[in-house]
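Chemist:
2 protein chains.
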Amino acid sequence: MSHSLFAADTWRHLDHTHDPALTSWVDSANQPDTDFPIQNLPLGMARQRSPQTGDDGAAAAGTGTGTGSFRPMTAIGDQALDLIRAADAGVFSEPVATALRACESLGLNPLMAAGAHLRGDCRLQLFAALRSDAPAELQARLSQALIPLSEIEHTLPCRIGDYTDFYAGIHHATAVGKLFRPDQPLLPNYKWVPIGYHGRASSIGVSGQTFRRPMGQTKAPDAEAPSFGPCKRLDYELEVGALVGVGNEAGQPIGIDAAEQHLFGLVLLNDWSARDVQAWEYQPLGPFLAKSFATTISPWVITAEALAPFRRAFVRAEGDPAPLPYLDGAANRESGAISIQLEVHLQTRAMREAGELPARLMGSDFGDAYWTFAQMLTHHASNGCNLQPGDLFGSGTQSGAAADQGGSLLELTQGGKQALTLPNGEQRTFLQDGDSVALVGFCTAEGRRRIGFGACVGTVLPAVG
Amino acid sequence: MSHSLFAADTWRHLDHTHDPALTSWVDSANQPDTDFPIQNLPLGMARQRSPQTGDDGAAAAGTGTGTGSFRPMTAIGDQALDLIRAADAGVFSEPVATALRACESLGLNPLMAAGAHLRGDCRLQLFAALRSDAPAELQARLSQALIPLSEIEHTLPCRIGDYTDFYAGIHHATAVGKLFRPDQPLLPNYKWVPIGYHGRASSIGVSGQTFRRPMGQTKAPDAEAPSFGPCKRLDYELEVGALVGVGNEAGQPIGIDAAEQHLFGLVLLNDWSARDVQAWEYQPLGPFLAKSFATTISPWVITAEALAPFRRAFVRAEGDPAPLPYLDGAANRESGAISIQLEVHLQTRAMREAGELPARLMGSDFGDAYWTFAQMLTHHASNGCNLQPGDLFGSGTQSGAAADQGGSLLELTQGGKQALTLPNGEQRTFLQDGDSVALVGFCTAEGRRRIGFGACVGTVLPAVG
Numbered sequence: 078m079s080h081s082l083f084a085a086d087t088w089r090h091l092d093h094t095h096d097p098a099l100t101s102w103v104d105s106a107n108q109p110d111t112d113f114p115i116q117n118l119p120l121g122m123a124r125q126r127s128p129q130t131g132d133d134g135a136a137a138a139g140t141g142t143g144t145g146s147f148r149p150m151t152a153i154g155d156q157a158l159d160l161i162r163a164a165d166a167g168v169f170s171e172p173v174a175t176a177l178r179a180c181e182s183l184g185l186n187p188l189m190a191a192g193a194h195l196r197g198d199c200r201l202q203l204f205a206a207l208r209s210d211a212p213a214e215l216q217a218r219l220s221q222a223l224i225p226l227s228e229i230e231h232t233l234p235c236r237i238g239d240y241t242d243f244y245a246g247i248h249h250a251t252a253v254g255k256l257f258r259p260d261q262p263l264l265p266n267y268k269w270v271p272i273g274y275h276g277r278a279s280s281i282g283v284s285g286q287t288f289r290r291p292m293g294q295t296k297a298p299d300a301e302a303p304s305f306g307p308c309k310r311l312d313y314e315l316e317v318g319a320l321v322g323v324g325n326e327a328g329q330p331i332g333i334d335a336a337e338q339h340l341f342g343l344v345l346l347n348d349w350s351a352r353d354v355q356a357w358e359y360q361p362l363g364p365f366l367a368k369s370f371a372t373t374i375s376p377w378v379i380t381a382e383a384l385a386p387f388r389r390a391f392v393r394a395e396g397d398p399a400p401l402p403y404l405d406g407a408a409n410r411e412s413g414a415i416s417i418q419l420e421v422h423l424q425t426r427a428m429r430e431a432g433e434l435p436a437r438l439m440g441s442d443f444g445d446a447y448w449t450f451a452q453m454l455t456h457h458a459s460n461g462c463n464l465q466p467g468d469l470f471g472s473g474t475q476s477g478a479a480a481d482q483g484g485s486l487l488e489l490t491q492g493g494k495q496a497l498t499l500p501n502g503e504q505r506t507f508l509q510d511g512d513s514v515a516l517v518g519f520c521t522a523e524g525r526r527r528i529g530f531g532a533c534v535g536t537v538l539p540a541v542g
Numbered sequence: 078m079s080h081s082l083f084a085a086d087t088w089r090h091l092d093h094t095h096d097p098a099l100t101s102w103v104d105s106a107n108q109p110d111t112d113f114p115i116q117n118l119p120l121g122m123a124r125q126r127s128p129q130t131g132d133d134g135a136a137a138a139g140t141g142t143g144t145g146s147f148r149p150m151t152a153i154g155d156q157a158l159d160l161i162r163a164a165d166a167g168v169f170s171e172p173v174a175t176a177l178r179a180c181e182s183l184g185l186n187p188l189m190a191a192g193a194h195l196r197g198d199c200r201l202q203l204f205a206a207l208r209s210d211a212p213a214e215l216q217a218r219l220s221q222a223l224i225p226l227s228e229i230e231h232t233l234p235c236r237i238g239d240y241t242d243f244y245a246g247i248h249h250a251t252a253v254g255k256l257f258r259p260d261q262p263l264l265p266n267y268k269w270v271p272i273g274y275h276g277r278a279s280s281i282g283v284s285g286q287t288f289r290r291p292m293g294q295t296k297a298p299d300a301e302a303p304s305f306g307p308c309k310r311l312d313y314e315l316e317v318g319a320l321v322g323v324g325n326e327a328g329q330p331i332g333i334d335a336a337e338q339h340l341f342g343l344v345l346l347n348d349w350s351a352r353d354v355q356a357w358e359y360q361p362l363g364p365f366l367a368k369s370f371a372t373t374i375s376p377w378v379i380t381a382e383a384l385a386p387f388r389r390a391f392v393r394a395e396g397d398p399a400p401l402p403y404l405d406g407a408a409n410r411e412s413g414a415i416s417i418q419l420e421v422h423l424q425t426r427a428m429r430e431a432g433e434l435p436a437r438l439m440g441s442d443f444g445d446a447y448w449t450f451a452q453m454l455t456h457h458a459s460n461g462c463n464l465q466p467g468d469l470f471g472s473g474t475q476s477g478a479a480a481d482q483g484g485s486l487l488e489l490t491q492g493g494k495q496a497l498t499l500p501n502g503e504q505r506t507f508l509q510d511g512d513s514v515a516l517v518g519f520c521t522a523e524g525r526r527r528i529g530f531g532a533c534v535g536t537v538l539p540a541v542g
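Here the protein sequences come in this chain order: A and B.
Residue numbering for the first sequence follows this note's numbering, beginning at 78 and increasing consecutively.
Residue numbering for the second sequence follows this note's numbering, beginning at 78 and increasing consecutively.
1. Is Thr-175 (chain A) helix, strand or coil by DSSP?
2. Drop a sphere of 10 angstroms on the beta-carbon of Asp-260 (chain B), count the other beta-carbons inside from all chains shown, and report buried for 16 or more, exposed for fewer.
3. Any Cβ of chain B within less than 9 Å of the Cβ of Thr-130 (chain A)?
4. Only counting runs of 4 or more residues, tell me where the alpha helix (DSSP H) segments fall wholly within the segment 145-171 of chain B, in order along the chain.
5. Closer than 9 Å, CB to CB, is Trp-269 (chain A) near chain B or not?
6. What's the C-alpha gap between Gly-342 (chain B) and Leu-203 (chain B)?
7. Would you list, in sequence order, the uninterrupted alpha helix (DSSP H) runs of no fewer than 4 residues that lie entirely inside the segment 195-267 of chain A?
8. Can you check whether the CB of Phe-365 (chain B) is closer than 9 Å to the CB of Thr-241 (chain A)?
9. Could you say if the segment 367-386 of chain A and the segment 533-541 of chain A meet the contact criterion of at least three C-beta pairs nearer than 8 Å?
10. Would Glu-488 (chain B) count as contacting chain A if we go by Cβ distances under 9 Å?
11. Less than 8 Å separating the Cβ of Ser-304 (chain B) from some heavy atom of the ligand COA?
12. Taking Cβ positions only, does Val-354 (chain A) come closer than 9 Å to chain B?
13. Starting from the N-terminal side, write out each stretch of the beta strand (DSSP E) that is 3 residues or longer and does not extend beyond the segment 445-509 of chain B.
14. Name, please, each residue of chain B whose Cβ falls closer than 8 Å to the Cβ of Ser-476 (chain A).
15. Just to confirm the assignment, what range does the alpha helix (DSSP H) spanning Arg-352 (chain B) have?
16. Which chain B residues sit within Cβ distance under 9 Å of Gln-202 (chain A)?
17. Using a Cβ cut-off of 9 Å (strictly closer), state whether Ile-379 (chain A) contacts chain B.
18. Under the three-state reduction of DSSP, which class applies to Ile-333 (chain A): helix, strand or coil?
19. Quick check: the segment 472-488 of chain B against the segment 430-442 of chain B, are there 3 or more CB pairs under 8 Å?
20. Look up Leu-434 (chain A) in the DSSP assignment and say whether it is helix, strand or coil.
21. Under 9 Å Cβ-Cβ, which residues of chain A neighbour Leu-320 (chain B)?
22. What does Met-453 (chain B) touch in chain A if you count any residue whose Cβ is under 7 Å from its own?
23. Which residue wins for smallest C-alpha separation from Ala-385 (chain B), given the options B:Lys-268, B:Arg-527 and B:Ser-101?
24. Would you grab the beta carbon distance between Gly-143 (chain A) and Gln-156 (chain A) for me? Rounded to a whole angstrom, and I think it's under 8 Å.
25. Around the C-beta of Pro-500 (chain B), are 16 or more other C-beta atoms found within 10 angstroms, so that it is buried, or is it exposed?
26. Once you ignore the five residues that flank Asn-347 (chain A) on each side, which residues in its own chain have a CB closer than 8 Å to its CB?
27. Give the DSSP-derived three-state secondary structure of Gln-125 (chain A) in the structure shown.
28. Rounded to whole angstroms, what is the Cα-Cα separation between Gly-139 (chain B) and His-231 (chain B)?
29. Should the segment 391-405 of chain A be regarded as contacting the segment 304-311 of chain A, the criterion being three or more beta carbon pairs within less than 8 Å?
30. On the CB-based measure, 16 or more other CB atoms within 10 Å of its CB, does Asp-512 (chain A) come out buried or exposed?
31. Would you be able to state if there are at least three C-beta pairs under 8 Å between the segment 267-275 of chain B and the segment 325-342 of chain B?
32. Determine, for Ile-115 (chain B), whether the minimum Cβ-Cβ distance to residues of chain A falls below 9 Å.
33. Quick check on Met-292 (chain A) - is its C-beta less than 9 Å from some C-beta in chain B?
34. Please compile the residues from chain B whose C-beta is within a distance smaller than 7 Å of the C-beta of Asn-36 (chain A).
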């Protein structure tokens with residue numbers, strides 16, 4: 078088909094929802110540095126923490142202290158809005174309200190399955206209700222459905238049936254490849270195939286996730302036999318995650334021009350990695366226990382609609398091959414890339430105890446990804462594999478081109494050979510127990526409000542035993 | 078702990094359920110060649126097909142023509158017994174009945190989560206109700222709950238959260254390795270690490286599954302660039318699947334002595350593979366689209382209890398390293414292996430149209446696996462990864478040591494270089510459209526009734542377009 082949701086005029090009826098002059102009656106949403114202006118309206122699953130633990134925000138995050146059901150919510154400024162209560166207040170059309178109510182306890186999957194058009198309606202209706210000029214009576218009712226972000230706890234935004242991790246960060250693939258093959262960093266298939274592998278779904282958690290340092294088999298190059306013990310080269314990976322909206326039937330591929338209609342929105346994703354375990358286990362079938370102990374995503378899904386103003390042309394470097402026709406579409410070329418500023422921040426236990434803020438380790442731009450999520454999705458379904466609402470894709474590590482833009486410690490320390498020195502004098506080659514890693518993501522563009530992704534934090538606990 | 082479910086006396090209270098002298102009032106269960114004598118009592122999810130299509134058994138299999146809910150059932154001779162109706166008839170204790178009722182529409186996951194002890198109770202109670210000496214009144218009531226196997230349709234036995242495919246067939250790993258590395262067929266990690274990778278859960282289907290020949294990117298060695306088209310080297314893989322019962326919390330490994338308590342039962346598993354796609358895509362992160370288009374399992378889960386008489390010592394060949402301590406337990410050594418006779422049968426479209434039976438291509442023994450499922454499970458959870466009830470493990474291709482015992486066409490045809498000739502004169506290097514592959518599995522031992530796995534059939538449809 079020639080018309081696609083991805084074409085320049087796709088979101089025209091939503092254009093005013095990006096107008097930076099429009100403000101919300103929720104004052105905090107109008108602060109210039111908020112992640113959640115009225116132009117964002119992310120979607121997540123949350124509930125209010127129990128009053129007993131509500132005072133201890135930081136410690137209680139992610140520990141499941143609340144007692145009510147998890148409900149679909151949006152974030153606006155420093156508040157969360159309960160969307161089922163908003164539906165009760167008459168904010169939504171009947172189809173949107175029905176889809177949102179179906180999400181209670183289950184996750185956003187029913188909304189994901191309902192498609193991009195309904196999601197656009199949801200955005201429009203929420204926008205109208207939260208605008209400064211919304212009816213005073215509605216404002217009063219919705220004020221009752223606001224919960225400070227500091228008082229909520231999240232669960233995963235949806236039931237994730239399958240998780241696929243791609244490898245679309247060419248700077249990462251090149252830097253890591255160089256460590257193993259200085260003369261041929263990129264394998265011959267890299268510029269043709271959106272390389273990916275199936276990941277572990279059960280161990281995906283939301284921001285606030287803590288996990289024990291994994292145990293595993295490793296073998297030193299000079300050792301006669303491997304041994305089993307705590308991972309010594311524990312790392313993070315800075316990725317963007319995409320959640321699938323509408324799926325496809327088995328045997329029914331999704332053409333590149335239709336791919337964007339199947340993408341619901343984006344999150345930040347930390348693909349925690351045990352480098353020493355990976356090095357010993359990964360031949361010939363790929364990473365397994367080196368990755369499956371934990372994966373952390375940010376709880377607020379930034380919708381495709383919110384990201385529309387930050388799209389840009391998808392271009393290949395001079396001399397690189399054009400994608401094969403099944404991965405090459407006009408809309409993908411015109412606006413397939415999305416510019417998202419990405420950063421990694423690290424807070425050690427000593428920093429936390431001293432009240433020091435996390436240190437920024439690097440920054441990169443998701444617009445540099447070698448493949449778009451539309452291409453990854455089309456490739457994924459090209460063999461007839463059925464995708465389902467809530468499936469998660471990881472982008473692969475998003476490093477920048479420069480040496481100080483590595484999206485993992487493996488890159489920043491050149492395979493552990495050159496330690497990083499933190500502002501407080503501590504050094505790191507790989508992660509230590511007690512370290513917290515925060516991924517940061519936000520979009521900016523001339524004449525647009527900043528759209529942020531919110532927190533994606535995970536913390537390393539000591540190994541068992 | 079020193080006592081384990083795996084020790085020799087574990088199933089002593091179930092010993093009489095293996096007594097070959099005991100028969101059922103369901104006459105067909107007493108035929109010597111049935112897969113489902115009273116000593117088996119497998120568990121699955123099924124429903125009666127609608128009467129309109131009930132006459133056309135073969136064509137309707139797996140097409141979802143029934144209208145009622147899928148319910149937990151067992152197979153006995155040529156009949157299926159609806160276990161919720163059996164619960165209504167008073168067959169089960171209250172805890173077992175409650176777990177079985179919770180499975181309706183959902184799958185066996187609640188029963189899986191309830192643990193090995195309750196599953197043993199379920200077996201005992203079913204056995205008592207189906208024995209020849211069961212009360213006549215009970216026989217009369219249960220007769221009403223029997224449905225001929227030819228009139229039921231299956232869905233997956235459980236909701237499969239994550240699917241992990243291992244590589245525990247050493248003869249397969251050696252044969253395939255030889256095709257690529259004649260001088261070093263097995264990689265250095267093979268005898269130390271139960272190699273595995275995450276598989277695609279969404280495309281797993283039950284026996285009767287049909288799927289389109291996958292499209293994919295391939296590159297001929299002499300081609301300048303890859304191309305996209307139908308897979309030319311489509312293959313099957315003969316595997317055994319294991320379903321996880323009770324899971325573990327994240328960060329809480331499962332010791333080798335406790336591993337058997339977490340295994341619910343076994344199925345047959347066909348890991349369909351696109352060899353040409355795999356060859357081009359798999360470096361460096363492993364198989365992806367070459368496997369994700371379809372995986373077929375047999376619908377009846379053969380429980381750990383039914384398989385107890387076929388256990389045998391797990392021994393390593395002279396000169397092979399002992400497993401590292403975390404994978405080495407006394408019970409695993411004593412009775413960790415399970416002897417299951419495995420076969421692959423092929424029926425081409427021409428054979429089907431001529432009314433010819435499938436041709437047997439090979440046979441092997443699962444007792445030859447290099448790792449036990451207990452070891453795979455302990456290894457999987459050793460990094461803290463949380464396993465969940467209903468998770469599926471594949472064993473990897475189970476080939477025998479001889480060249481004619483290859484568990485895939487890749488092996489039987491030496492990489493496609495030497496075609497197989499079928500009884501009707503047709504030749505095959507890889508699968509053609511219309512081919513059906515049937516996996517067969519059964520256990521036999523001196524003085525024991527034969528325990529069969531039932532059908533695991535899948536059929537290749539032409540590629541899209």
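Built from N, CA and C at the ideal position, the CB exists for glycine as well.
Here the structure is a predicted model, which is why all the values come from computation and not from measurement.
Modeler: Here's the rundown:
1. Counted from its first residue, the first sequence places residue 175 (chain A) at position 98. Here Thr-175 (chain A) sits in helix by DSSP.
2. For the purposes of this step, residue 260 (chain B) is identified with residue 183 of the second sequence, where counting begins at 1. By the 10 Å Cβ count, Asp-260 (chain B) comes out exposed.
3. In the first sequence, the residue the question calls residue 130 (chain A) occupies position 53. Low local confidence applies: a pLDDT of 47 at Thr-130 (chain A) is under 50, so the model's placement there is unreliable, with the coordinate-based value given in what follows. Closer than 9 Å: no.
4. Fully enclosed alpha helix (DSSP H) runs of 4 or longer: 160-165.
5. Your numbering for residue 269 (chain A) matches position 192 in the first sequence. Yes, contact with chain B.
6. On the second sequence, position 265 is the one that residue 342 (chain B) refers to. On the second sequence, position 126 is the one that residue 203 (chain B) refers to. Going from the Cα of Gly-342 (chain B) to the Cα of Leu-203 (chain B) covers about 17 Å.
7. As summarised for the segment 195-267 of chain A, the continuous alpha helix (DSSP H) elements at least 4 residues long and confined to that stretch are 213-220 and 247-257, given in chain order.
8. To locate residue 241 (chain A), count along the first sequence from 1; it is residue 164. To locate residue 365 (chain B), count along the second sequence from 1; it is residue 288. Going by C-beta atoms, Thr-241 (chain A) is nearer than 9 Å to Phe-365 (chain B).
9. The segment 367-386 of chain A, when compared against the segment 533-541 of chain A, does touch it at the 8 Å Cβ threshold.
10. Stepping through the second sequence from its first residue, residue 488 (chain B) is reached at position 411. Chain A, which has no Cβ nearer than 9 Å to the Cβ of Glu-488 (chain B), makes this no.
11. The ligand COA is not part of the structure shown, which contains no ligands of any sort.
12. Position 277 of the first sequence holds residue 354 (chain A). Yes, because at least one Cβ of chain B sits closer than 9 Å to the Cβ of Val-354 (chain A).
13. 469-471
14. In the first sequence, counting from the first residue as 1, residue 476 (chain A) sits at position 399. Near Ser-476 (chain A) there are no residues of chain B at all, since even the closest Cβ is about 16 Å away, more than 8 Å.
15. Here residue 352 (chain B) corresponds to residue number 275 of the second sequence, with the count starting at 1. Counting along the chain, the alpha helix (DSSP H) containing Arg-352 (chain B) begins and ends at 352-358.
16. Counted from its first residue, the first sequence places residue 202 (chain A) at position 125. None at all; the shortest Cβ gap to chain B is about 32 Å.
17. Translated into positions along the first sequence, residue 379 (chain A) becomes position 302. False, the Cβ-Cβ gap to chain B never drops below 9 Å.
18. Within the first sequence, residue 333 (chain A) is the residue found at index 256, counting from 1. The answer is helix: DSSP assigns Ile-333 (chain A) an H, G or I state.
19. yes
20. On the first sequence, residue 434 (chain A) is found 357 positions in, with the first residue counted as 1. Coil at Leu-434 (chain A), not helix or strand.
21. If you number the second sequence from 1, residue 320 (chain B) lands on position 243. Those within 9 Å of Leu-320 (chain B) in chain A number zero; the least Cβ separation is about 15 Å.
22. Here residue 453 (chain B) refers to the residue found at position 376 when the second sequence is read from its first residue. The premise fails here: Met-453 (chain B) is roughly 11 Å from chain A at the closest Cβ pair, so nothing lies under 7 Å.
23. To locate residue 385 (chain B), count along the second sequence from 1; it is residue 308. The residue with the shortest Cα to Cα distance from Ala-385 (chain B) is B:Arg-527.
24. As a position in the first sequence, residue 143 (chain A) is number 66, starting the count at 1. As a position in the first sequence, residue 156 (chain A) is number 79, starting the count at 1. About 17 Å; that fails the 8 Å criterion.
25. On the second sequence, residue 500 (chain B) is found 423 positions in, with the first residue counted as 1. Exposed, because fewer than 16 other Cβ atoms sit within 10 Å of the Cβ of Pro-500 (chain B).
26. Mapped onto the first sequence, residue 347 (chain A) falls at position 270. Closer than 8 Å at Cβ, skipping near neighbours: Tyr-313, Glu-314, Leu-315, Glu-316, Thr-372, Thr-373, Ile-374, Val-514, Leu-516, Cys-533 and Gly-535.
27. The residue given as residue 125 (chain A) occupies position 48 in the first sequence. If DSSP states are grouped into helix, strand and coil, Gln-125 (chain A) belongs with the strands.
28. Sequence index remark: in the second sequence, residue 139 (chain B) carries index 62 (1-based). Sequence index remark: in the second sequence, residue 231 (chain B) carries index 154 (1-based). Because the pLDDT at Gly-139 (chain B) is just 44, under 50, the model does not fix this residue reliably, and the value given afterwards should be weighed accordingly. Each residue's alpha carbon lies about 7 Å from the other.
29. Short answer: they don't touch.
30. As a first step, residue 512 (chain A) must be located in the first sequence, where it is residue number 435. Buried.
31. no
32. Counting from 1 along the second sequence, the entry for residue 115 (chain B) is found at position 38. Chain A contact via Cβ: absent.
33. The sequence position of residue 292 (chain A) within the first sequence is 215, counting from 1. It does; some Cβ of chain B falls within 9 Å.
34. Only positions 78 to 542 of chain A appear in the structure, and residue 36 (chain A) is not among them; the question remains open.
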